[in-house]
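Chains as they are written, first to last, in our numbering: chain A, 1 to 541; chain B, 542 to 1082. Every residue gets a Cβ at the ideal spot worked out from N, C-alpha and C, and that includes glycine.
Quick look at the structure:
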């Protein structure tokens, strides 16, 4: 028995790119060896990245995994524990962890608890494992678990009863608000309850709509936190086990972020990863003088730097002069390329072409949508010509009730605020201003009453309840799954609740055609809220 | 023991609308009683419709189901076998069948085999049942199974060993090409093998991207087909059991449709159901003079009648005169409202507005996309003003390789040909012309070389391989999951295969924002092909 050092590889895989991932795993392992680590632990399914979705069904995965194992088997003098897809000869496919040293496989563990709810579809891809893996190394008894396994008390209990001292946990646990700290607290209690140490290594990075925050940690059997890695940072961290103390030494324990910092940094990382991994040279967005596009711009600049960000203001008759001023000011503050493209001529040409069809029918949302779609087409034109990704700027409250124009302001490849309610948009804007010497978002953009500026003197609040009320109703209906009656019983006005719910239900088709965007809540409009478009459910009861 | 009559309710539920579904189930039951049926069998989950997706997670489902049971319990003098969501007191949720007579529940069966592959996500919602249900009625021994159960030989064998004579099978089995006949043949063999009669009742109707063809049937234990209901028709069918013959009497056996008829009629039904159940008064589509929009128009007219269909031709400089002529001719033949809206002024206004940004950069796809997006915006304007649903007209080959413009020709709520390869588009057009006295699609539309008409003298085949080759490669890659190497090994040119696969992989983001459309293959671009957008998978191996 001796003291030893474990490297926690808070790894950001490129999903599907096994070749690159393995190469980078080897680099991180070499780094760990330089620090004299005895064991390096990677996240769940580190080899292919999480979630690889239907790539897992491609037959050639077998061949690729074999090549990857060959590469990894060249690594010497350290135990590697990594995640891979285990395709066995009887045709089963498992979500597995391998323990490998000097090219020898010391053990394979197949995940026993497969989540198939919320954003997870693991039963679509994997069979359940039924055996624990325990291995002894350096006189210490280790167990291995994978993510969901640790949330099954039964599974962890069974493993702890095999006299395991330290459990290595491989995770790809997606972010949602408060989740990083929730994991640490829950696992610390579990460690104490079952008298085991837990080395919890989590994937980091953005993957489509999912944010992986990392925030890996080590907790001792007395519940003490020996290590807590920062969120959103790809890096190898180290934990030293002191054999005389029979515990991991208390090392770097990064304090949890405040909620707004946690969300903001997550959005920044997710946006950066989406842009870079999709191979775009930069981004472009429509800057309206409103708060949503202002916040999106700030996030984009923080993600990839101002030189890769282009903002375009596209005013029309109903655009207030202060909107143009504020947009220009923000663009200047942030140092991004800024252009102005008036849309009056375009809208007029649409109106003239449609006149034979419309005749003198009164103006309605049709005309408002023409403005939004003229802007969308301009942005896409600039994107097509210069190759920048269009960032969509709508927020969750708007998307929920359909206060957005399909093929208009909804255009874009990535919707940064897709899962951010309007009330949180305000908080995030204030947070971002609070962390730099001069505000990056002009104060007036935050304090002005929100308006889509699609009609003269239009205000959002003319046709929607106050955002505090709207967001509370939306939260109850979407996140909490409450019925209309339940929400009214909470004290909201009946008419308002009915209207809001009707809007949410009717706008499923719009959301289905919207860009993906990073998930920060427990019920984003994405793979975890699967509603039929043709849907006769009556919200009443 | 006596002879008896079973009613097969080939039922088309409105997903989520439990109240309406129950009311219509009662109507069909009354109809069955008039025909002196002893038992009526409904499809799987008939009460809420299939698939209800995350509506199944709404807490108020319990209350609604209770009310529905109350309604159904008023039905007298017939045994009802129907599908419902069984939420038990221990918090489990099952996909279940109830056997009810005169308000008494004679038995409940919980589905044992839950599909969680392809389009199915049943493990997201349901727990597995572990018990068979057998009931005796009129001196005859019945068993009950639900859909996937019959594809598990083990499950059916276990049931048959309980001396069951006839198994009532409740299904919501989605359509794909050839599936209707495949079910009958497989079940007929199974019946023979296990010496049981099978009464197979399938849901009918379109639900979002899924087509349910119905095609319910009865097979005897000697493998003979006693009843085969027509596909795509909502109706109650009857099968009489002759106790002296110990078999169901051979009744109406509708011959299987030819492939093109099967596909065409499926698309018509799906389109009709989408339009009607979404509550649209009619549809509008862009008619280009090409074959895709011509076929879409024919399907729309067959679905809801010409008076509810509006077609718009939107020519530009590159539009051939014969395109305008052919579009006008088809519109006239079919008797739909037809309008022409030139887009030159709109495109020019976009170009003028973009000139300060573009300068003298050479024309590329950007300018082509401006044409497509001008058309898309016009269609959406007409849709917004008059309330008609925009039908999108792209085919599967185009969508696969991204030869379509996001927010341009891709606009719309329903993409009728989304899962139809271009080579099948041609076949369907010929088929449709073959069944009416005068062709509804002008001959020249079918024989002209396909062109998007976005550049002078452009032909699809300038930049894509011949559609026969393209579709064969796409089929191998998408439906068969073959790797690039495998496909080249089949004899296709290396460069062509590489280019096609690269296009498929790169255009996932476009497809993700496309409208839903009816599924006819075993791998539609929908819930059954879940690919990450950020995806580093290399197609090579």
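Name the residue from the options whose alpha carbon lies nearest to the alpha carbon of residue i.
i	options	result
residue 381 of chain A	A/400, A/412, A/402, A/364	A/412
residue 788 of chain B	B/1061, B/547, B/873, B/575	B/547
residue 253 of chain A	A/391, A/219, A/316	A/219
residue 911 of chain B	B/901, B/948, B/649	B/948
residue 973 of chain B	B/1020, B/933, B/799	B/799
residue 697 of chain B	B/734, B/940, B/606, B/719	B/734
residue 749 of chain B	B/804, B/819, B/722	B/819
residue 520 of chain A	A/410, A/265, A/81, A/103	A/265
Is the separation between the beta-carbon of residue i and that of residue j shorter than 9 Å?
i	j	result
residue 693 of chain B	residue 653 of chain B	yes
residue 757 of chain B	residue 741 of chain B	yes
residue 1039 of chain B	residue 1072 of chain B	no
residue 89 of chain A	residue 114 of chain A	no
residue 464 of chain A	residue 401 of chain A	yes
residue 665 of chain B	residue 117 of chain A	yes
residue 926 of chain B	residue 357 of chain A	yes
residue 770 of chain B	residue 551 of chain B	yes
residue 313 of chain A	residue 324 of chain A	yes
residue 558 of chain B	residue 536 of chain A	yes
residue 579 of chain B	residue 716 of chain B	no
residue 331 of chain A	residue 295 of chain A	no
residue 388 of chain A	residue 282 of chain A	yes
residue 169 of chain A	residue 145 of chain A	yes
residue 311 of chain A	residue 327 of chain A	yes
residue 429 of chain A	residue 291 of chain A	yes
residue 601 of chain B	residue 624 of chain B	no
Going by beta carbon distance, what residues of the same chain come within less than 7 Å of residue i, once the five residues before and after it are set aside?
i	result
residue 808 of chain B	840, 957, 1059
residue 502 of chain A	none
residue 92 of chain A	127
residue 940 of chain B	959, 1052, 1055, 1066
residue 732 of chain B	738, 739, 760, 761, 762, 764
May I ask whether a heavy atom of the ligand GTP can be found less than 8 Å away from the beta carbon of residue i?
i	result
residue 514 of chain A	The model on display carries no ligand, and the ligand GTP is accordingly not part of it.
For chain A, is any of its Cβ atoms less than 9 Å away from the one on residue i?
i	result
residue 1078 of chain B	yes
residue 923 of chain B	yes
residue 594 of chain B	yes
residue 1066 of chain B	no
residue 1048 of chain B	no
residue 670 of chain B	no
residue 493 of chain B	No answer is possible for residue 493 of chain B: it lies beyond the span of chain B, which begins at 542 and ends at 1082.
residue 902 of chain B	yes
So, for residue i: in the same chain, excluding its five sequence neighbours on each side, which residues have a beta-carbon less than 8 Å away from its beta-carbon?
i	result
residue 671 of chain B	651, 653
residue 276 of chain A	304
residue 343 of chain A	314, 315, 316, 371, 374, 375, 378
Which residue or residues does DSSP assign as beta-bridge partners of residue i?
i	result
residue 707 of chain B	B/683, B/738
residue 550 of chain B	B/777
residue 1084 of chain B	Because chain B is modelled from 542 through 1082, residue 1084 of chain B falls outside the range shown and cannot be assessed.
residue 783 of chain B	B/788
residue 100 of chain A	A/80, A/105
residue 956 of chain B	B/933
residue 725 of chain B	Residue 725 of chain B is not bridged to any residue.
residue 767 of chain B	The partner list for residue 767 of chain B (beta bridge, DSSP) is empty, contrary to what the question assumes.
Cutting at 6 Å between CB atoms, please list the residues of its own chain near residue i, excluding the five before and the five after it.
i	result
residue 961 of chain B	936, 937
residue 783 of chain B	544, 790
residue 273 of chain A	205, 206
residue 1017 of chain B	1023, 1028
Is the shortest distance between the beta-carbon of residue i and the beta-carbons of chain B less than 9 Å?
i	result
residue 231 of chain A	no
residue 358 of chain A	yes
residue 295 of chain A	no
residue 350 of chain A	yes
residue 504 of chain A	no
residue 299 of chain A	no
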